[in-house]
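S.K.:
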Amino acid sequence: MSKKLLIALAVLLCLAGIVFLFFKTTNQEAYTFVDDIDKETSQGYIGSASCKQCHLKEYNEWTLSDHYKAMQIANDSTVLGNFNNATYTADGITSRFFKRDGKFFIHTQSEDGSYKDYEVLYTFGYYPLQQYITDFPNGKKQVFRQSWDSRQNKWFHQYAGEVIPPDDYLHWTQAGQNWNLMCASCHSTNLQKNLNPYTDSYHTTYSELTVSCESCHGGAKTHAESKGKTRTFVLASQTQELNACMPCHTRRGEVTQHHAMVTEVMDEYLPEVPVTDLYFPDGQVLGENYKYSSFLQSKMYHQNVRCTSCHSPHTGKLKAEGSKVCLQCHAPKYASQAHTFHKGNPAETDCRVCHMPTRTYMGNDVRHDHNFYVPRPDLSAQYGTPNACNACHTDKTAGWAAEAVVKWYGKQRKPHFAENLIKGSKGNITALSSLLEDKTTPAIVRAGAIHYLGNHPSEKSFALIKKELHNPDPQTRYRAVVAISEYPLNLYENDLLPLLTDKVKAVRMLAANALLTQKGLEACRVYNGFEQAHQEYKEFVLSQSDFPLGSATAGDYFVKINDTDNAIRFYERALLKDKQLNYIRLNLAVLYSGKAQNDKAESFLNEALKYEPKNAQIYYDLYLLYNELGREAEAKVALSKAKALGFKGRF
Numbered sequence: 001m002s003k004k005l006l007i008a009l010a011v012l013l014c015l016a017g018i019v020f021l022f023f024k025t026t027n028q029e030a031y032t033f034v035d036d037i038d039k040e041t042s043q044g045y046i047g048s049a050s051c052k053q054c055h056l057k058e059y060n061e062w063t064l065s066d067h068y069k070a071m072q073i074a075n076d077s078t079v080l081g082n083f084n085n086a087t088y089t090a091d092g093i094t095s096r097f098f099k100r101d102g103k104f105f106i107h108t109q110s111e112d113g114s115y116k117d118y119e120v121l122y123t124f125g126y127y128p129l130q131q132y133i134t135d136f137p138n139g140k141k142q143v144f145r146q147s148w149d150s151r152q153n154k155w156f157h158q159y160a161g162e163v164i165p166p167d168d169y170l171h172w173t174q175a176g177q178n179w180n181l182m183c184a185s186c187h188s189t190n191l192q193k194n195l196n197p198y199t200d201s202y203h204t205t206y207s208e209l210t211v212s213c214e215s216c217h218g219g220a221k222t223h224a225e226s227k228g229k230t231r232t233f234v235l236a237s238q239t240q241e242l243n244a245c246m247p248c249h250t251r252r253g254e255v256t257q258h259h260a261m262v263t264e265v266m267d268e269y270l271p272e273v274p275v276t277d278l279y280f281p282d283g284q285v286l287g288e289n290y291k292y293s294s295f296l297q298s299k300m301y302h303q304n305v306r307c308t309s310c311h312s313p314h315t316g317k318l319k320a321e322g323s324k325v326c327l328q329c330h331a332p333k334y335a336s337q338a339h340t341f342h343k344g345n346p347a348e349t350d351c352r353v354c355h356m357p358t359r360t361y362m363g364n365d366v367r368h369d370h371n372f373y374v375p376r377p378d379l380s381a382q383y384g385t386p387n388a389c390n391a392c393h394t395d396k397t398a399g400w401a402a403e404a405v406v407k408w409y410g411k412q413r414k415p416h417f418a419e420n421l422i423k424g425s426k427g428n429i430t431a432l433s434s435l436l437e438d439k440t441t442p443a444i445v446r447a448g449a450i451h452y453l454g455n456h457p458s459e460k461s462f463a464l465i466k467k468e469l470h471n472p473d474p475q476t477r478y479r480a481v482v483a484i485s486e487y488p489l490n491l492y493e494n495d496l497l498p499l500l501t502d503k504v505k506a507v508r509m510l511a512a513n514a515l516l517t518q519k520g521l522e523a524c525r526v527y528n529g530f531e532q533a534h535q536e537y538k539e540f541v542l543s544q545s546d547f548p549l550g551s552a553t554a555g556d557y558f559v560k561i562n563d564t565d566n567a568i569r570f571y572e573r574a575l576l577k578d579k580q581l582n583y584i585r586l587n588l589a590v591l592y593s594g595k596a597q598n599d600k601a602e603s604f605l606n607e608a609l610k611y612e613p614k615n616a617q618i619y620y621d622l623y624l625l626y627n628e629l630g631r632e633a634e635a636k637v638a639l640s641k642a643k644a645l646g647f648k649g650r651f
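Per UniProt numbering, residue 1 is the first one in the sequence shown, and the count goes up by one each step.
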C-alpha cells in the first residue's frame, strides 16, 4: 500500500471520530447513607414485590407512575391500541393490527420489503403514546414505528412524511429502532445489554421488566435479609438524586455496557452538553435531550433544587398543579399580574409558560425545557434564538416583545451566560474565554465552551484548552482532552500523561486514545497507566459498536493497533447499519489495497462515487489505486476529475 494511501486513511480517521460529551454535578456531598454501594448492588436484585411488605405506601404510589408502565408484557390489560383488525396507512405503508389466539399481531413491512405478521410481545410506555415490541434473531428486539396515540385514541407515525426504505438505519427493523441499543437501559431494571461486538448479537438481561424500586435504590437483597438494618442506595443529597435520575433523563453515551448504581457519572455515562445541533445557541433545548443537561444550566440547580423538589419520587407526578408547585419556594407575588403583566387565565400566568417553554417529541409528547430560562426577546431580535413571548404571540416580532419587557421590567437585564454562549457558537474566542473565566458560568456551559474552542483551532484556543486539562472538574478535563487531541501531541504530551491515571474512567480512556492515535500502540506501552486506560478505551469502543458510528469508531481503533481484519469487520458492519457513511468505503478501499485485494478496493471506491459523484477525494483515491496497478490512462482521467472538482491535496 502506498504512503499516499496511508496518509489518506489517516486524514479520514481524524474526520470520522465520535465525540461523546459529559457532565457531572459540581456538588460534592458524601455518600454517607450508603453502607457499601458496590457490595450491595452486586449481591442481587430481588424484585419490587419484595419491597411491598415494608414499603406499601411507596409501592402503591409507584404503581401509579410512568415508571411502572415503562415496559410490560402485552396482554388485554396492558395494550391500549386498537387491534380489532384495524388498519393504518402512512408514507406508503399500510399496516394491519389484529389478534389471533389471544395474541396481538401487526402485519407490516419487513426488513426485505415484503409484508409479514409480527407478534407483539411487549408494550412500551403508556401516555401520551404507547409503542410495541417484537423479537428478532440474535437476541434483538425491535420497536415498531406505528404507535398508539393515547390522547386521541388513534394510530399514528412518529415521523409522518418520511418514507423510510427497509435497508435504512431508521427503518423499524434496523438498528435505529433496536430495543437493546436504543431503549432497553431506561425501561427495565438492572439492564445488562451484553452485546457481543464480534457477532453483533445480544444476550440482554434484566432483573425486572419495567422500571422498579431497585432501578433507583439498587439491589435490595441484603437490605431485605437484614430486615432493613443495611441500607439500599439512599438518595439523600442533590448529587445522589441527580445521579440516579440522570442515566434515563439525559441524552448521553455510555462508557461501559455493564452498569451499576452511579456514584461518579463519568465512570458510567457521557451526557451531552448544550451545543448547537442539540440545543439552540443560547442553551435552550432543541433536540430530544430530556432534562438533565438543561437543568444543570439553571439557577434552580445551583440553589440545591432537585427533581423531587417538584416531582413526587414514587409517582413521578408534580407535587401541585400549575404555578402552585413553584410557589412551594417562590413568593406568591411571582404568580400575580404585577409580575406576569398578564390577566388571570392560567394558560397565560402559569410560571411554566414563560420559564419552561415546550417542544414536541416522538410525534405527540410535549415536554418542558428544564433550564428555567428568563425570556430574552432582545437576544431573539439580535441572534434569532427562540423566546417564550413569541411562542404565544406568533403574530408579533421579537422586537415588539423586547420593547414590552423593557416597559415592564426596565432596560437592564441581569447578567447571563447566554449571550457569550451564542457568540461562542459562532467562533468568537473572546466570548468563549469570558465564559471560562467567569466563576458563575455553570460547569455544563463551560463544557460547551470548550467544545466550541475545539471547533475553532488557533493559538489562543489551544492555550485556553490546555489550561483546562488541569481543571479539578472531571467533565472539564474530559472536554479538554477531546478538544486538544486535534493538535500535534508534542505541544501537550507532558500535560496529558498524568491523565492516564485520572480517577475518572472517561478521562483516562480518552487520554489513552489521544496518545494511541498519534504515537501508536507500542510507543505508548511505556507510559504509566496506559495499559489499563487503553483497555478501558477498547471496552468503551466495543460496547458502542452496535451504533453505526460506533462500528466505524471500532474500525478506526483497530486500524490504530494494526489489526486490519477486525478493522474491515467493523467498517463493513458500519455500512450494513448505515449505508450513508460513505467515508467508510474510502477507508475500506485503503485497507483492501493494503491486503492486495485491489478488486475490492476499486469496488468500494466506485460504490462511493454513486453516493457522492462530485467528491474530489474519491477520484484522487482512484488515481492512487490506478497508479499502483499500472493503469495509467484511467489514473490520468481520475486525477483530472479530482482537479476539476477542486482537490486541494498533494499530488
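All C-beta atoms in this analysis are idealised placements derived from N, C-alpha and C, irrespective of residue type, glycine included.
Since the model is a prediction, treat every value here as computed from it, not as a measurement.
Just to confirm before moving on: does the CB-CB distance between S147 and Q130 stay below 8 Å?
M.R.: Position 147 of the sequence shown, counted from the first residue, corresponds to residue 147. Position 130 of the sequence shown, counted from the first residue, corresponds to residue 130. Yes.
S.K.: In whole angstroms, what is the alpha-carbon distance linking K264 and L209?
M.R.: Numbered from its first residue, the sequence shown carries residue 264 at position 264. Numbered from its first residue, the sequence shown carries residue 209 at position 209. In the sequence under discussion, the amino acid at residue 264 is Glu, which differs from the Lys named in the question. Distance between the alpha carbons of E264 and L209 is about 26 Å.
S.K.: Could you pull out every residue in the same chain whose Cβ sits closer than 7 Å to the Cβ of A402, ignoring the five residues on either side in sequence?
M.R.: What you label residue 402 is simply residue 402 of the sequence shown in a count that begins at 1. Excluding sequence neighbours, A402 sits near P377, D378 and A381.
S.K.: Can you list, in chain order, the residues of its chain whose CB lies under 6 Å from that of Y619, leaving out five sequence neighbours each side?
M.R.: Reading the sequence shown from its first residue, position 619 is the one you call residue 619. Cβ within range, chain order: A638, K641 and A642.
S.K.: To which residues does DSSP link S95 through a beta bridge?
M.R.: As a working note, residue 95 is residue 95 in the sequence shown. For S95, which the question treats as bridged, DSSP gives the partners Y88.
S.K.: Identify the continuous alpha helix (DSSP H) that holds R477 and give its terminal residues.
M.R.: Along the sequence shown, read from residue 1 onward, the residue named residue 477 stands at position 477. Counting along the chain, the alpha helix (DSSP H) containing R477 begins and ends at P474 to I484.
S.K.: I need the boundaries of the alpha helix (DSSP H) containing residue 652, first residue and last residue.
M.R.: Only positions 1 to 651 of the chain appear in the structure, and residue 652 is not among them; the question remains open.
S.K.: In the structure shown, what three-state DSSP assignment does N271 receive?
M.R.: As a working mapping, residue 271 is identified with position 271 in the sequence shown. Per the sequence presented here, residue 271 reads as Pro, with Asn not at that position. Three-state result, P271: strand.
S.K.: For E632 and A567, what's the separation of their Cα atoms in angstroms?
M.R.: As a first step, residue 632 must be located in the sequence shown, where it is residue number 632. As a first step, residue 567 must be located in the sequence shown, where it is residue number 567. When rounded, the distance between both Cα atoms is 30 Å.
S.K.: In the DSSP assignment, the beta strand (DSSP E) including W155 goes from what residue to what residue?
M.R.: Here residue 155 corresponds to residue number 155 of the sequence shown, with the count starting at 1. Per DSSP, W155 belongs to the beta strand (DSSP E) from K154 to H157.
S.K.: Check whether the Cβ atoms of H368 and T358 sit closer than 8 Å, and answer yes or no.
M.R.: Translated into positions along the sequence shown, residue 368 becomes position 368. Translated into positions along the sequence shown, residue 358 becomes position 358. Yes; because the gap between Cβ atoms is below 8 Å, this pair is in contact.
S.K.: For the candidate residues D563, R479, E61 and L629, whose alpha-carbon lies nearest to that of G520?
M.R.: The residue you call residue 520 lines up with position 520 of the sequence shown. Per the Cα distances, D563.
S.K.: Just list the alpha helix (DSSP H) runs in the region 395 to 436, keeping only unbroken ones of 4 residues or longer that don't cross its boundaries, in chain order.
M.R.: You should have 398 to 409 and 418 to 425.
S.K.: So, using beta-carbon positions, are C283 and Q297 closer together than 8 Å?
M.R.: One-based indexing of the sequence shown puts residue 283 at position 283. One-based indexing of the sequence shown puts residue 297 at position 297. Going by the sequence as given, residue 283 is Gly instead of Cys. It is a contact, given that the beta carbons lie within the stated cut-off.
S.K.: Taking the Cβ atom as the reference point for each residue, do K505 and V255 lie within a distance shorter than 8 Å?
M.R.: Start at 1 with the first residue of the sequence shown, and residue 505 comes out as number 505. Start at 1 with the first residue of the sequence shown, and residue 255 comes out as number 255. Taking 8 Å as the Cβ cut-off, K505 and V255 qualify as a contacting pair.
S.K.: Decide if the region 66 to 83 is in contact with the region 116 to 125; the criterion is three or more beta carbon pairs, one per stretch, under 8 Å apart.
M.R.: These segments touch.
S.K.: Cβ of R573 within 8 Å of Cβ of S551?
M.R.: Numbered from 1 along the sequence shown, position 573 holds the residue referred to as residue 573. Numbered from 1 along the sequence shown, position 551 holds the residue referred to as residue 551. It is a contact, given that the beta carbons lie within the stated cut-off.
S.K.: Under a Cβ-count criterion, where at least 16 other Cβ atoms within 10 Å of its own Cβ denotes burial, should Q257 be classed as buried or exposed?
M.R.: For the purposes of this step, residue 257 is taken as residue 257 along the sequence shown, with counting starting at 1. Counting Cβ neighbours within 10 Å, Q257 comes out buried, since at least 16 surround it.
S.K.: Does the count of Cβ pairs from the region 390 to 405 and the region 415 to 427 closer than 8 Å reach three?
M.R.: In short, these stretches do not touch, since the Cβ pair count stays below three.
S.K.: Exposed or buried, what is G454 when buried is set at 16 or more other beta-carbons lying within 10 Å of its beta-carbon?
M.R.: Position 454 of the sequence shown, counted from the start, is the residue given in the question as residue 454. Answer is buried; the Cβ neighbour count reaches 16.
S.K.: Between the alpha carbons of N606 and E111, how many angstroms are there, rounded?
M.R.: Position 606 of the sequence shown holds residue 606. Position 111 of the sequence shown holds residue 111. Between N606 and E111, the C-alpha separation is close to 26 Å.
S.K.: Could you pull the start and end residues of the alpha helix (DSSP H) that G594 belongs to?
M.R.: Working through the sequence shown from its first residue, we reach residue 594 at position 594. It spans Y583 to G594 - the alpha helix (DSSP H) in which G594 sits, taken as one unbroken run.
S.K.: Output needed for N471: all residues of its chain with C-beta closer than 6 Å, excluding positions within five of it in sequence on either side, in chain order.
M.R.: Locating residue 471 in the sequence shown gives position 471, counting from the first residue. The residues are R477.
S.K.: Buried or exposed: which applies to K221, given that a residue is buried once 16 or more other Cβ atoms fall within 10 Å of its Cβ?
M.R.: Within the sequence shown, residue 221 is the residue found at index 221, counting from 1. Buried, since its Cβ has 16 or more Cβ neighbours within 10 Å.
S.K.: Round the Cβ separation of Y132 and P281 to the nearest angstrom and send it over; I've been treating them as touching at under 8 Å.
M.R.: As a working note, residue 132 is residue 132 in the sequence shown. As a working note, residue 281 is residue 281 in the sequence shown. The Cβ separation is near 38 Å, so there is no contact.
S.K.: By the three-class DSSP mapping on this structure, what secondary structure does Y169 have?
M.R.: For the purposes of this step, residue 169 is taken as residue 169 along the sequence shown, with counting starting at 1. Coil, per DSSP.
S.K.: Which same chain residues, not among the five before or five after D365, have their C-beta less than 7 Å away from its C-beta?
M.R.: Taking the first residue of the sequence shown as position 1, residue 365 is located at position 365. Closer than 7 Å at Cβ, skipping near neighbours: P128 and L129.
S.K.: Smallest Cα separation from G316: which of N627, L64, G646 and A184?
M.R.: The count along the sequence shown starts at 1 and reaches residue 316 at position 316. Among N627, L64, G646 and A184, the Cα nearest to that of G316 belongs to L64.
S.K.: List, from N- to C-terminal side, the beta strand (DSSP E) runs of 3 residues or more that fit wholly inside the region 436 to 465.
M.R.: For the region 436 to 465, not a single whole beta strand (DSSP E) run of length 3 or above is found.
S.K.: Report back the beta-carbon spacing between A431 and Q475 to the nearest angstrom; my notes put them in contact at under 8 Å.
M.R.: For this step, residue 431 is matched to residue 431 along the sequence shown. For this step, residue 475 is matched to residue 475 along the sequence shown. Not quite, the Cβ-Cβ distance comes to about 20 Å (not below 8 Å), so this is no contact.
S.K.: Is the region 225 to 233 touching the region 75 to 85, taking contact as three or more C-beta pairs under 8 Å?
M.R.: In short, these stretches do not touch, since the Cβ pair count stays below three.
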